[in-house]
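Numbering (my numbering), first residue to last: 120 to 410.
Below is one structure; the comments refer to it alone.
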């Protein structure tokens, strides 16, 4: 067969015709078809194609146990968000999802009310809320994993010494509530010291993300929720009103014989100077896969 630009795509697709895995065959046929169309459209030079190969090579070389440059590339190209939207289509009023991001890492379980900011100093912040389903049934025992950047705009995995900070896992209480202390996160640039940073620079795009806290909420029988909260929209700065709300909740629990709001209590000095933000999460029931 005379291999040329007119029959190249069909020749490659024909070589995949005996793939037994139907899903793999579907994916590979689509990738080859669209990739060949891009090459035909832009007609890259051999030098340009080698630069693309080296870009992918450097992207892989930048990955390690604490950094995933390919996820960063996926984020920058918008693929991560598109994939998340497709795989998390809402059926009712579930909390909006988002991508996991490149800075997630395992975290230890902490008690409700504890402070996840162990090694940084910043504006004190109290984050609380409830976990419930789309029918407003409270969910006890849900796992709530949180991670964020610090006042310097850096995550712990970006720092030397493998210090674990500003990340933890909490378990929702009997009334579906959770509460933890932290510091207000800062806006930050995505890592620009690798090939993805070079790409952004060449595209004349800034690398900054607004301040936010990541959440991953899991409960038996419900679909995992990965989301984030942009605090510049959500911060409740009426401290007096929030302090009164917590006092009333403590009084209510005391009358019901439930004692303090959280195991470790809420230090009054911390509460007086803290910024409050209230975030509720609505989980959707597990659904069978469409494939």
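Just so you know, even glycine gets a beta-carbon here, dropped at the ideal spot from N, CA and C.
{"query": "Can you list, in chain order, the residues of its chain whose CB lies under 8 Å from that of residue 132, leaving out five sequence neighbours each side?", "result": "148, 151, 152"}
{"query": "Tell me which residue opens and which closes the beta strand (DSSP E) that residue 296 is part of.", "result": "296 to 302"}
{"query": "Can you give the Cα-Cα distance for residue 332 and residue 276, rounded to whole angstroms?", "result": "15 Å"}
{"query": "Over what stretch of residues does the alpha helix (DSSP H) that includes residue 180 continue unbroken?", "result": "165 to 180"}
{"query": "Which whole-angstrom value is the C-beta distance of residue 401 and residue 214, which I expect to be below 8 Å?", "result": "5 Å"}
{"query": "With a threshold of 16 other CB atoms inside 10 Å of the CB of residue 415, please say whether the residue is buried or exposed.", "result": "Residue 415 is absent from the model: the chain starts at 120 and stops at 410."}
{"query": "Using alpha carbons as the reference points, say which of 344, 340, 159, 345 lies closest to residue 405.", "result": "340"}
{"query": "Assign residue 153 to one of three DSSP states: helix, strand, or coil.", "result": "helix"}
{"query": "Under 8 Å between the Cβ atoms of residue 238 and residue 282?", "result": "yes"}
{"query": "Taking the straight line between their C-alpha atoms, what separation do you get for residue 181 and residue 200?", "result": "22 Å"}
{"query": "Classify residue 259: buried if its beta carbon has 16 or more other beta carbons within 10 angstroms, exposed otherwise.", "result": "exposed"}
{"query": "Extract the residue ranges of the beta strand (DSSP E) inside the segment 183 to 238, only unbroken runs of 3 or more that lie entirely within it.", "result": "none"}
{"query": "Can you list, in chain order, the stretches of the beta strand (DSSP E) that have 3 or more residues and sit fully within the segment 236 to 296?", "result": "243 to 252, 262 to 267, 286 to 290"}
{"query": "Against chain D, does residue 301 count as a neighbour if the rule is that its beta carbon must be under 8 Å from one of theirs?", "result": "Looking for chain D here will not work: only one protein chain is present."}
{"query": "Grab the span of the alpha helix (DSSP H) containing residue 336 for me, first residue to last.", "result": "Unbroken run through residue 336 is the beta strand (DSSP E), 331 to 337; no alpha helix (DSSP H)."}
{"query": "Is the beta carbon of residue 250 closer than 8 Å to that of residue 236?", "result": "no"}
{"query": "Pick helix, strand or coil for residue 132, following the three-state DSSP scheme.", "result": "helix"}
{"query": "Quick one: is residue 267 buried, meaning 16 or more other Cβ sit within 10 Å of its Cβ, or exposed?", "result": "buried"}
{"query": "Return the Cβ separation of residue 227 and residue 130 in integer angstroms, given the expectation that the two are a contact with Cβ distance under 8 Å.", "result": "Going by Cβ atoms, the distance from residue 227 to residue 130 rounds to 54 Å, so no, they are not a contact pair."}
{"query": "Taking only the alpha-carbon atoms, compute the straight-line gap between residue 209 and residue 125 and give it to the nearest angstrom.", "result": "42 Å"}
{"query": "Compute the distance between the beta-carbons of residue 416 and residue 242, then report whether it is under 8 Å.", "result": "Nothing can be reported for residue 416, as the shown portion of the chain is limited to 120 through 410."}
{"query": "To the nearest angstrom, how far is the alpha carbon of residue 374 from that of residue 319?", "result": "Reliability of the predicted coordinates at residue 374 is poor, the pLDDT of 49 falling under 50, and no value is obtained from them."}
{"query": "Residue 337 to residue 246, Cα distance in whole Å?", "result": "18 Å"}
{"query": "Helix, strand or coil, according to DSSP, for residue 308 in the structure here?", "result": "strand"}
{"query": "Hey, could you find the ends of the beta strand (DSSP E) residue 344 is sitting in?", "result": "344 to 349"}
{"query": "Can you tell me which of the three DSSP states residue 322 falls into?", "result": "coil"}
{"query": "Exposed or buried, what is residue 291 when buried is set at 16 or more other beta-carbons lying within 10 Å of its beta-carbon?", "result": "buried"}
{"query": "Work out the CA separation of residue 212 and residue 253 for me, nearest whole Å.", "result": "6 Å"}
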